[in-house]
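Peer 1: What follows is a structure written as structure tokens; I'll ask about it next.
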Amino acid sequence: MPPTTQPTQPTTPDARPRTSSLRGVLAERASAEAAVGEKLDELWEEEPGLIGFITTVNHKRIGRRYLVTASFFFVLAGVNALIMRTQLGSPDNKLVDPELYNQLFSLHGTAMIFFFATPMNSGFGNFVVPLMIGTRDMAFPRLNALSYWIFLFSGLFMFSSLPLGLAPDGGWFAYVPLTGDKYLPGLNLDFYTLGLLFLAVSSTVGAINLIVTIIKMRAPGMSLNRVPLFVWAILVQSFMLVFALPPLDTANAMLFMDRRFGTRFFVPSDGGDAILWQHLFWLFGHPDVYIIVLPAMGMISSVIPTFSGRPILAYPFVVLATIATGIISFGVWVHHMFAVGLSDVSLSFFAAATLTISLPAGIQMFAWLGTLWRGRIVLSTAMLYAVGFLVAFTLGGVTGVMFAVVPFDQQVTDSYFVVAHFHYVLFGGAVLPILAGLFYWWPKITGRMTNARAGLWSFGLVFGGFNLTFFPMHIAGLLGMPRRIYTYQPGLGWTVWNVLSTVGAFVLAAGLLLTLGLFVHSLVRGERAPDDPWGANTLEWATGSPPKDYNFPVIPTVHSGNPLWDGRTLPSMVEHRHDPGRTLTEEHKTLRTSELDSRVEAVMTMPEETALPLLVAVLLTSMFVALLVSAYVAAGIIAGFMAVAVTWWLWHRPEVEPG
Amino acid sequence: MLAPKQRRLLMALGCVLTSGVVAGCDRSTPSALDPSGPKSDLVATSWWILFSVAAAVCILVTVLAVVPMLLRRRRRQVKGGDGKRFVMICGIILPGLVLMATFALSVTDIATDASPPRPSRMTIDVIGHRWWWEVRYQGSTAVTANEIHVPVGTPVQLRLQTADVIHSFWVPEVMPKMDLLPKRVNETWLSVSRPGTYRGQCAEYCGLQHAHMAFLVVAQPRADFDTWLGRQAQDAPQPTTAEAQRGLSVLTQSSCATCHTVRGTSANGDVGPDLTHVGGRQRLAAGAIPNDFGHMSGWVANSQTVKPGNIMPPQHLSPEDLRAVVTYLQGLE
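First to last, the protein sequences are chains A and B. Numbering-wise (my numbering), the first sequence opens with residue 1173 and increments by one. Numbering-wise (my numbering), the second sequence opens with residue 18 and increments by one.
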């Protein structure tokens, strides 16, 4: 229950000393805002209406768009899944034909991984990170807008294939030689290769933007040992994206050339190598699991301390575990290939690596559990989802450890057991935390509270439906049911488990629908949110709900890893309210600080809003459409226009003045 | 009284709940936990070890996560300390020990699984096609499809290859998966400890009809197996009735012969399965349908209705010709 519905909170010594201010504006923010708010409003306000909509570079608007767009793709890919579950609800079902079914599961996987989970994390990163580190925008606001527009257009590009009957049909990992033009001609796989290359532009620039923002723009005093765990997680995730995407891009470019220009990288009959694709794909694909899960774990590291009323246990261990996960995850990709017929030495090596990567997860798990045990719990909806995550992610984790026993892996790989496992990891380990994060930051994002009782129903249905959908799949897999089959015969002992999964899928869908209704209700009729409804520990709660365009009227000095609980960081906003070096009221500006200790280095002028990112994204989209329809000359000409647009963009660089 | 469907459902549920073993309910379930060979035995044993540890970990974490929620109203104050020792012991040292034990289990299993308990005396080539399995016995002229007979209790060497895309060979009760890769031969072994018929299925997505790419492993006592192999090596038996005779001539003169082989006749195509002894097989179309007169007639007339997208085009035969051809093929035991 959120504290707002419990006015008689016991006021015991607690890391949340601000129970009295739960209902309104923080005194410090009010005082700082009174001093400079009006001036900053003028500087940071964007054009209203349609022009503002297409020219915005504000990280909060872009972050919200990321969240809405990614959720929209989640719904589309979820509907794919419901059709598949209905088809598998009875044996020898003829609801969909194999052609459509194969497109549905390929698009479901591709969309959930690339167009939902990763961008959803980027949405949180975009909205929350600049607030958490106490700055006024991302390092490259225009690049931020560009990465959003490209994400939107590449998602529409990918999904447009389904109504055309041309959706990718090679599975989300698109193994060659099946996906070569010999076995799967048609545009289906071209949508896949081009769509992913297209999206990779967005993911790469987005990741670089977050890295620079986190390293160079933290508020003074937020040295690396005071950086919130969610920010650490986003930083590690962004580095991982930068290193993991090139193998995927390379593989997709090679496959596209094989299909279009007669190269033979993946054509075994002409000396190409089918296993090369698998290595390149999983060299991206395994880190990608953590690219999705790490930020989700970061959200849990935000939610649990807040609702336990104390800092997280063993903060340095959790940071090191996050970094270690990022590094080790690049060394385990071969466990996706244990049935390929590799030497026993490679099998043993990658079995050991697979076991090693569960250690950092264990560290984080017990840091969270210990925090709960030493805290005073407030059971909000976000906290319910966080606890649901702890249970679900553990189940996904222990089945993951089992795959290190190679013969066992060979028995269950490519069966429904694996489908169960990775849905526990990705739904349990990412969607549940994302829901926790949504409920947690919702008041900050929208300025409205959500209904706690409806939140209980939301959690109950989603968590129950999730388990009913995916737990029986473990059993179906052990009973010999392979994945990616559009139907199965009666009498194999699989029917009952599939019926349970199908029922579960509809319960889950009902729960998610209810959650959507709950959020809509909150937007329309929700109670107004105070600045800091949860008594949280990090800086984003020191802004308005929702935050003003400039985030912080005065950039604070951070004194600890839990700035809102240390009793010094918030007063620093009042102290500095007449200091032009912190209020930056002269121009559209924010601070640049040093990498490790976060000392002030310079004052950066931030760019104004512009439609250039949208123009570049539209040109890029037309280039990919031209490539899709084999209009290579047109694609070349469009690339030329794009070069001109980018040059123009770079011509007008904002200035930096030494601080 | 319950409807048969409901009774089956209850039985399945009851079986699982009471025995705690999610296997053995139905002989036709290809359960990995009801093993009939050393390879799957090994995995089933490892599974129960892994399952026990995993269940203990899940219960521990669930209790640790839920109890503070239940006790939340009793706690008036938060506790201090940064708990590095707790995290070090529970999050690093204890999991580290469990993981090391798991690694020991893994390397032991890898070593055990690498070679058969006794050297194998026969070799079978299995060649994956979209979407059926070609089976050749080395040292014999026998060629069959979608049905692999093996002598019980004897390790058999398998040479797995593919004619097109990647497939994966999987018989849950007998052996875990091994992929079939283009331009490579994956060698492995298989041994069945009990006589019987075991269902296998392609486990690597291989295109449109991946769902209909099953096969059977039939384990027979040595003598029965030798008899079977001897007959498979022979040419097709001569037709004995006028109807079958007509069927043979339809087969050799129509498009059938361009894709299929019937040894001992002029039909020698190599696109589809060898039909020399097709009448003796249990199922057709890689497990999709039973092998009887009616199903085979439907398949020959228009296989696209049974398994859309498969390579065999509809055959425009007169009803008499169709009946004759199917009569002939059903006689090829």
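We treat Cβ as the ideally placed atom computed from N, Cα and C, and that holds for glycine.
Mapping the DSSP letters down to three states, classify L1452 (chain A) as helix, strand or coil.
Peer 2: Taking the first sequence and counting its residues from 1, the one referred to as residue 1452 (chain A) is at position 280. Helix.
Peer 1: Taking C-beta pairs closer than 7 Å, name the residues in chain B that Y1364 (chain A) reaches, listed in chain order.
Peer 2: Here residue 1364 (chain A) refers to the residue found at position 192 of the first sequence. By Cβ distance, chain B contributes nothing, its closest Cβ being about 14 Å from Y1364 (chain A), past 7 Å.
Peer 1: Buried or exposed: which applies to R1190 (chain A), given that a residue is buried once 16 or more other Cβ atoms fall within 10 Å of its Cβ?
Peer 2: If you number the first sequence from 1, residue 1190 (chain A) lands on position 18. Note that R1190 (chain A) has pLDDT 46, beneath the 50 cutoff, so the model's placement of it is unreliable and no number is given.
Peer 1: Roughly how many angstroms separate the alpha carbons of A49 (chain B) and I144 (chain B), rounded to a whole number?
Peer 2: Walking along the second sequence from the start, residue 49 (chain B) turns up at place 32. Walking along the second sequence from the start, residue 144 (chain B) turns up at place 127. Cα-Cα distance, rounded: 23 Å.
Peer 1: If W187 (chain B) and Q226 (chain B) are in contact, beta carbons under 8 Å, what's the gap, nearest whole angstrom?
Peer 2: To locate residue 187 (chain B), count along the second sequence from 1; it is residue 170. To locate residue 226 (chain B), count along the second sequence from 1; it is residue 209. The pair is not a contact, with the Cβ atoms about 16 Å apart (cut-off 8 Å).
Peer 1: Can you list, in chain order, the residues of its chain whose CB lies under 6 Å from that of L1519 (chain A), leaving out five sequence neighbours each side?
Peer 2: Taking the first residue of the first sequence as 1, we reach residue 1519 (chain A) at position 347. Contacts found: V1578.
Peer 1: Could you spell out the range, first to last residue, of the alpha helix (DSSP H) harbouring P85 (chain B)?
Peer 2: In the second sequence, counting from the first residue as 1, residue 85 (chain B) sits at position 68. First-last of the alpha helix (DSSP H) with P85 (chain B): 55 to 87.
Peer 1: Within the 8 Å Cβ cut-off, does V1465 (chain A) reach chain B?
Peer 2: By 1-based counting over the first sequence, the position of residue 1465 (chain A) is 293. Chain B contact via Cβ: absent.
Peer 1: Taking 8 Å as the cut-off, decide whether the C-beta atoms of G350 (chain B) and G296 (chain B) are in contact.
Peer 2: Position 333 of the second sequence, counted from the start, is the residue given in the question as residue 350 (chain B). Position 279 of the second sequence, counted from the start, is the residue given in the question as residue 296 (chain B). Checking the sequence, you will find Glu at residue 350 (chain B) rather than Gly. Cβ atoms of E350 (chain B) and G296 (chain B): closer than 8 Å.
Peer 1: Report yes if the CB atom of I1484 (chain A) is closer than 8 Å to the CB atom of F1561 (chain A), and no otherwise.
Peer 2: The residue you call residue 1484 (chain A) lines up with position 312 of the first sequence. The residue you call residue 1561 (chain A) lines up with position 389 of the first sequence. Cβ atoms of I1484 (chain A) and F1561 (chain A): not closer than 8 Å.
Peer 1: What residue range does the alpha helix (DSSP H) around Y154 (chain B) cover?
Peer 2: Taking the first residue of the second sequence as position 1, residue 154 (chain B) is located at position 137. Y154 (chain B) -> not in any alpha helix (DSSP H); beta strand (DSSP E) instead, spanning 149 to 154.
Peer 1: Return yes when the Cβ of L1799 (chain A) is within less than 8 Å of the Cβ of T46 (chain B), no when it is not.
Peer 2: In the second sequence, the residue the question calls residue 46 (chain B) occupies position 29. In the first sequence, the residue the question calls residue 1799 (chain A) occupies position 627. Contact: no.
Peer 1: Please decide whether A1523 (chain A) counts as near chain B, where near means a Cβ-Cβ distance under 8 Å.
Peer 2: Walking along the first sequence from the start, residue 1523 (chain A) turns up at place 351. By this cut-off, A1523 (chain A) is an interface position.
Peer 1: How about L334 (chain B) and S271 (chain B): do their beta carbons lie closer than 8 Å?
Peer 2: Here residue 334 (chain B) is taken as the residue at index 317 of the second sequence, counted from 1. Here residue 271 (chain B) is taken as the residue at index 254 of the second sequence, counted from 1. A contact, by the Cβ cut-off of 8 Å.
Peer 1: If you follow the alpha helix (DSSP H) that Q226 (chain B) is in, where does it begin and where does it stop?
Peer 2: For the purposes of this step, residue 226 (chain B) is identified with residue 209 of the second sequence, where counting begins at 1. Careful: Q226 (chain B) lies outside any alpha helix (DSSP H) and carries neither H nor E.
Peer 1: According to the Cβ coordinates, are V78 (chain B) and M1537 (chain A) closer than 8 Å?
Peer 2: Numbered from its first residue, the second sequence carries residue 78 (chain B) at position 61. Numbered from its first residue, the first sequence carries residue 1537 (chain A) at position 365. Yes.
Peer 1: Express the C-alpha separation of N1265 (chain A) and F1724 (chain A) in angstroms, rounding to a whole number.
Peer 2: Stepping through the first sequence from its first residue, residue 1724 (chain A) is reached at position 552. Stepping through the first sequence from its first residue, residue 1265 (chain A) is reached at position 93. One C-alpha to the other measures close to 58 Å.
Peer 1: Is the region 1532 to 1552 of chain A touching the region 51 to 67 of chain B, taking contact as three or more C-beta pairs under 8 Å?
Peer 2: Output reads no: the region 51 to 67 of chain B does not touch the region 1532 to 1552 of chain A.
Peer 1: Below 9 Å between beta carbons is the criterion; list the residues of the region 1657 to 1669 of chain A that meet it against any residue of chain B, in chain order.
Peer 2: Of all residues in the region 1657 to 1669 of chain A, I1657, Y1658, T1659, Y1660, Q1661, G1663, L1664, G1665, W1666, T1667, V1668, W1669 have a Cβ within less than 9 Å of some Cβ in chain B.
Peer 1: Tell me which residue opens and which closes the beta strand (DSSP E) that T1241 (chain A) is part of.
Peer 2: Within the first sequence, residue 1241 (chain A) is the residue found at index 69, counting from 1. Segment 1231 to 1259 is the alpha helix (DSSP H) holding T1241 (chain A); no beta strand (DSSP E) there.
Peer 1: Excluding the 5 residues flanking Y215 (chain B) on each side, which residues of the same chain have their C-beta closer than 6 Å to its C-beta?
Peer 2: Residue numbering aside, residue 215 (chain B) sits at position 198 when the second sequence is read from its first letter. Only V188, E190, V191, V234 meet the Cβ criterion.
Peer 1: Would you say the beta carbon of P336 (chain B) is closer than 7 Å to some non-hydrogen atom of the ligand ZN?
Peer 2: In the structure on display, the ligand ZN does not appear, and there are no ligands present to speak of.
Peer 1: For the beta strand (DSSP E) that E1205 (chain A) lies in, which residues bound it at each end?
Peer 2: Along the first sequence, one-based indexing puts residue 1205 (chain A) at 33. From DSSP, E1205 (chain A) is part of no beta strand (DSSP E) but of the alpha helix (DSSP H) over 1199 to 1216.
Peer 1: Excluding sequence positions up to five away, which residues of its chain have a Cβ less than 7 Å from the Cβ of F1522 (chain A)?
Peer 2: On the first sequence, residue 1522 (chain A) is found 350 positions in, with the first residue counted as 1. The residues are V1504, V1506, H1507.
Peer 1: Would you mind sorting S1515 (chain A) into buried or exposed? The rule is 16 or more other CB atoms within 10 Å of its CB.
Peer 2: Here the question's residue 1515 (chain A) lines up with position 343 in the first sequence. Exposed.
Peer 1: For V1348 (chain A), I'd like the list of residues in its chain whose CB is within less than 6 Å of its CB, leaving aside the five on either flank, ordered along the chain.
Peer 2: Residue mapping note: residue 1348 (chain A) aligns to position 176 of the first sequence, counting from 1. For V1348 (chain A), where only same-chain residues beyond five positions count, the Cβ hits under 6 Å are F1438, A1446, W1449.
Peer 1: Under 8 Å, do K194 (chain B) and A1648 (chain A) count as touching if we go by C-beta distance?
Peer 2: Taking the first residue of the second sequence as 1, we reach residue 194 (chain B) at position 177. Taking the first residue of the first sequence as 1, we reach residue 1648 (chain A) at position 476. No, these two residues do not count as a Cβ contact at 8 Å.
Peer 1: Verify the CB distance criterion: does R1233 (chain A) have a CB-CB separation below 8 Å to chain B?
Peer 2: Here the question's residue 1233 (chain A) lines up with position 61 in the first sequence. Not one chain B Cβ lies under 8 Å of R1233 (chain A).
Peer 1: With DSSP as the reference, label G296 (chain B) as helix, strand or coil.
Peer 2: Position 279 of the second sequence, counted from the start, is the residue given in the question as residue 296 (chain B). G296 (chain B): helix per DSSP, three-state reduction.
Peer 1: Please name the residues in the region 233 to 259 of chain B whose beta-carbon is closer than 8 Å to at least one beta-carbon of chain A, in chain order.
Peer 2: So the list is empty, because no residue satisfies the distance condition.
Peer 1: Can the beta-carbon of A1242 (chain A) be found closer than 8 Å to that of F1287 (chain A)?
Peer 2: Indexing the first sequence from 1 puts residue 1242 (chain A) at position 70. Indexing the first sequence from 1 puts residue 1287 (chain A) at position 115. Their beta carbons are under 8 Å apart, which means A1242 (chain A) touches F1287 (chain A) by this criterion.
Peer 1: Between the alpha carbons of T275 (chain B) and T293 (chain B), how many angstroms are there, rounded?
Peer 2: Position 258 of the second sequence, counting from 1, holds the residue named residue 275 (chain B). Position 276 of the second sequence, counting from 1, holds the residue named residue 293 (chain B). Going by the C-alpha atoms only, they are around 14 Å apart.
Peer 1: What residue range does the beta strand (DSSP E) around S1630 (chain A) cover?
Peer 2: Along the first sequence, read from residue 1 onward, the residue named residue 1630 (chain A) stands at position 458. Note, S1630 (chain A): premise wrong, no beta strand (DSSP E); alpha helix (DSSP H) at 1624 to 1650.
Peer 1: Quick check on the DSSP output: what are the complete alpha helix (DSSP H) runs of length 4 or more inside the region 96 to 145 of chain B, in order along the chain?
Peer 2: Within the region 96 to 145 of chain B, the complete alpha helix (DSSP H) runs of at least 4 residues are 101 to 104, 111 to 131.
Peer 1: Measuring CB atoms only, is the region 1774 to 1782 of chain A touching the region 1322 to 1334 of chain A, in the sense that at least three cross pairs come out at less than 8 Å?
Peer 2: Output reads no: the region 1322 to 1334 of chain A does not touch the region 1774 to 1782 of chain A.
Peer 1: Taking its Cβ as the centre, do 16 or more other Cβ atoms sit within 10 Å of M86 (chain B), making it buried, or is it exposed?
Peer 2: Counting from 1 along the second sequence, the entry for residue 86 (chain B) is found at position 69. That one is exposed.
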